[in-house]
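Contents: one structure, followed by commentary.
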Ligand code: MOS
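Numbering (our numbering), first residue to last: 73 to 773.
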């Protein structure tokens, strides 16, 4: 039997996706469906003085207009979050007249048609008592939180003595780096369809990256048992973290459906995606480094400042790479946050590591130039042979091979060290590099595998398809474990009726759900092997289920994916226009399960790096704290025209400490380091060091 894992198998869902037959949440065709449109706040802080719905209610076809005046009871306070559920966010579900941020849901109009719902929503008349909102990062009331978002790492870290390390260093360096607010901006807006099958039984079609967390949060707020809520999410049209937590609109949709006693569909309008469904906070990172003349780091420090909301706490863990990426005897990081009048920030592609590697890897580049050492050489000089932060050995780390192979493929040895040394006509050409790093996580998961008497195989796990290729790799894993061709296997996901799996976030789906699928398929194979010859007599199918536990080896090993990225930029010397003409990325991310979807994943991450480096920026009006560019035309993300040639490859690893299938996860590693490699290339091209993302032409001329 030919092995399918690792092969560049086409996506099993490619055909239905390109032919429009893949059912995304808002595509679900439910009989008797009616439409809901949210009304969101036009101020960022204050209270609703009056909210008038009579004109809205007169719009023909309107079924209900709900707000804080409608008395919609909940089983618990939606503003309180359970600390044991780190993905839960404080929700605004019409429980009072308070406004905490711009675009906060304050009412919902439900009508027979979408047009009527739009009109009714537009006719809700709101008067506010507005207070002066704040989004200032430099504030006296910044505080150090207990824990950070992501894995809940502490907000402070210390080893050795940074002050002494800096004071005694032959060379000292300190600079401030900043990254702006980002908005995820998936093509598919958040959408929910709520269907009450019985008075206490709900089906929720939801644009969710984590259907089991969604079920738990929604059930607890509505006061019904989780087993009475079925969440379905068959395809997600881009999530990037924004569809990990449950947000207010999903619960509002269920509340509205209960009130009008009809199935209700609620789709966020594009501007409504800027506020109530998370963002990446702005960060300011002060990096201090001390080094010996030969480049050996003696001290490294990163003090990070970022925003959370006034009602909830999410801390972007940007200091994490500074703690562990390089060998440094004296190392300290500290994160502080300020409470701003914004919707709560949340997970955004490579939370922490994306902005964190931008600052650290530009700082390393600056250090290399100042010491007159090749930037790659400086990194090799300070290569961490073990995780000095956790004081553990790596489960695997092929970063040296990534550096070597990346440098060779890119042609790094031909680099002219001097900035602004390569010019083609009016175009300045520059090269830069940086390191990629992202944790390799695995969480408990379950799966079920079934073989029918005709030899066909059905495998089910509750996980989500967020575009990475989950349907495809799970099919491959199951086929190999059972020893059958992939064509015989069907994999189903995205339904809480299937065995429970973790959120599709933190790059953990392949390692987590993939391992459960592998174990279930193996269990089925064993069962079939032990069956007597006449065992099939009368049986339509044979089935096995398997669950994986917490990874005990996390106590013995530090688990990360690594990579090296090299970028070439071409900058118009007069206009400052920047084009990333080529990038080379070499990654070490455990076993690669599908060469085609993996390549796409790595490229997708690197393209996000282009966005971070050059384009993405959520612009707030500083007086009213309202997003000015709240649409896809003005919130710039890279398009094909912004992307040059990508050369992507990987170092094969088989990391059985992370997962029984050897995979580490590849979803987010590509974005880490990419923006720094580009920023460093811009410096090399122009001689201008820009420490503030995005690097736009105005900053260069
Ligand atoms: Mo990702 S931000 O962990 O969905």
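The beta carbon of each residue, even a glycine, is placed where N, CA and C say it ideally should be.
Jot down the residue ranges of each uninterrupted alpha helix (DSSP H) in the region 178 to 211, minimum 4 residues, whole runs only, in chain order. Along the region 178 to 211, the alpha helix (DSSP H) occurs as fully enclosed runs of 4 or more residues at 186 to 194, listed in sequence order.
Span of the alpha helix (DSSP H) around residue 756: It spans 746 to 758 - the alpha helix (DSSP H) in which residue 756 sits, taken as one unbroken run.
From the DSSP secondary-structure annotation, give me the bridge partner or partners of residue 425. In the DSSP output, where bridge partners are listed per residue, residue 425 has none listed.
Run the CB neighbour count on residue 773, radius 10 Å, all protein chains shown included, and call it buried at 16 or more, exposed below. Residue 773 should be labelled exposed.
Kindly provide the ranges of any alpha helix (DSSP H) runs that are 4 or more residues long and lie completely inside the region 696 to 748, ordered along the chain. Whole alpha helix (DSSP H) segments, 4+ residues: zero.
So, does the region 755 to 765 touch the region 484 to 504, judging by three or more C-beta pairs under 8 Å? The way I'd put it, the region 755 to 765 does touch the region 484 to 504; three or more beta-carbon pairs between them come closer than 8 Å.
Shortest alpha-carbon distance to residue 300 belongs to which of 654, 201 and 268? Nearest Cα to residue 300 within the set 654, 201 and 268: 268.
Unbroken stretches of the alpha helix (DSSP H), 4 residues or longer, contained in the region 84 to 156: For the region 84 to 156, the full-length alpha helix (DSSP H) segments reaching 4 residues or more read 86 to 90 and 126 to 129 along the chain.
Would you say the beta carbon of residue 423 comes nearer than 8 Å to a heavy atom of ligand 1? At least one heavy atom of ligand 1 is nearer than 8 Å to the Cβ of residue 423, so yes.
Count the other CB atoms, across all protein chains shown, that sit within 10 Å of the CB of residue 62; report buried if there are 16 or more and exposed otherwise. As displayed, the chain neither begins before 73 nor continues past 773, which places residue 62 out of reach and without an answer.
Beta carbon of residue 674: closer than 8 Å to some heavy atom of ligand 1? When distances are taken from the beta-carbon of residue 674 to the heavy atoms of ligand 1, even the shortest one reaches 8 Å or more.
Do you know offhand how far residue 665's Cα is from residue 537's? Whole-angstrom Cα-Cα distance: 16 Å.
Nearest candidate by alpha-carbon position, reference residue 309, set 154, 581, 688 and 97: Minimum Cα distance to residue 309 is reached at 97.
Contact between the region 309 to 327 and the region 335 to 353 (3+ Cβ pairs under 8 Å): The region 309 to 327 vs the region 335 to 353: in contact.
Is the Cβ-Cβ distance between residue 723 and residue 485 less than 9 Å? Not a contact, by the Cβ cut-off of 9 Å.
Should residue 251 be listed as close to ligand 1, given that the test is whether its C-beta is under 8 Å from any heavy atom? Checking the 8 Å criterion, the Cβ of residue 251 is out of range of every heavy atom belonging to ligand 1.
Please confirm whether residue 482 and residue 255 have their CB atoms less than 9 Å apart. No; because the gap between Cβ atoms is not below 9 Å, this pair is not in contact.
Go through its chain and collect everything with a Cβ distance to residue 397's Cβ below 7 Å, but skip five positions before and after it. Cβ-Cβ distances below 7 Å link residue 397 to 432, 456, 507 and 509 in the same chain, with the five nearest sequence neighbours on each side left out; the list follows chain order.
Cβ neighbour criterion (16 or more within 10 Å) applied to residue 623: With 16 or more neighbouring CB atoms inside 10 Å of its own CB, residue 623 falls in the buried class.
Near ligand 1: residue 485 beta-carbon under 8 Å from a heavy atom: Checking the Cβ of residue 485 against ligand 1 gives no.
Have a look at residue 428 and residue 248 and give me their C-alpha separation to the nearest angstrom. Going by the C-alpha atoms only, they are around 12 Å apart.
Suppose the cutoff is 8 Å on Cβ atoms and the five residues either side in sequence are ignored; what does the same chain contact list for residue 211 look like? 410.
Strictly by DSSP, which residues pair up with residue 657? Beta-bridge partners of residue 657 (DSSP): 637 and 720.
Does ligand 1 have even one heavy atom less than 8 Å from the beta-carbon of residue 740? Yes, the beta carbon of residue 740 sits closer than 8 Å to at least one heavy atom of ligand 1.
Ranges of the alpha helix (DSSP H) found wholly within the region 462 to 498, counting only runs of at least 4: If we require 4 residues or more, the alpha helix (DSSP H) runs fully inside the region 462 to 498 come out as 471 to 482.
Closest Cα partner of residue 511 within the set 274, 426 and 180: Ranking 274, 426 and 180 by Cα distance to residue 511 puts 426 first.
From the DSSP output, which residues share a beta bridge with residue 284? DSSP lists no partner for residue 284.
Please work out which residues of its chain come closer than 8 Å, Cβ to Cβ, to residue 560, disregarding the five sequence neighbours upstream and downstream, and give them in chain order. Excluding positions up to five away in sequence, the list reads 527, 528, 529 and 551.
Quick check on residue 747: buried or exposed, where buried means 16 or more other Cβ atoms within 10 Å of its Cβ? Residue 747 comes out buried.
Taking 8 Å as the cut-off, does the CB of residue 578 come closer than this to any heavy atom belonging to ligand 1? For ligand 1, a non-hydrogen atom lies closer than 8 Å to the CB of residue 578.
Give the secondary structure of residue 524 by DSSP, where H, G and I count as helix, E and B as strand, and everything else as coil. Three-state DSSP puts residue 524 in a strand.
Reduced DSSP category for residue 673 - H, G, I as helix; E, B as strand; rest coil: Residue 673 falls in the helix class under three-state DSSP.
Does the Cβ of residue 122 have 16 or more other Cβ atoms within 10 Å, making it buried, or fewer, making it exposed? Exposed, by the Cβ-count rule.
Exposed unless 16 or more other CB atoms sit within 10 angstroms - verdict on residue 712: With a threshold of 16 other beta carbon atoms within 10 Å, residue 712 falls short and is exposed.
Is any heavy atom of ligand 1 found at a distance shorter than 8 Å from the C-beta of residue 430? No - ligand 1 has no heavy atom lying nearer than 8 Å to the Cβ of residue 430.
Check the DSSP bridge columns for residue 398 and list the partner residues they point to. The partner list for residue 398 (beta bridge, DSSP) reads 455.
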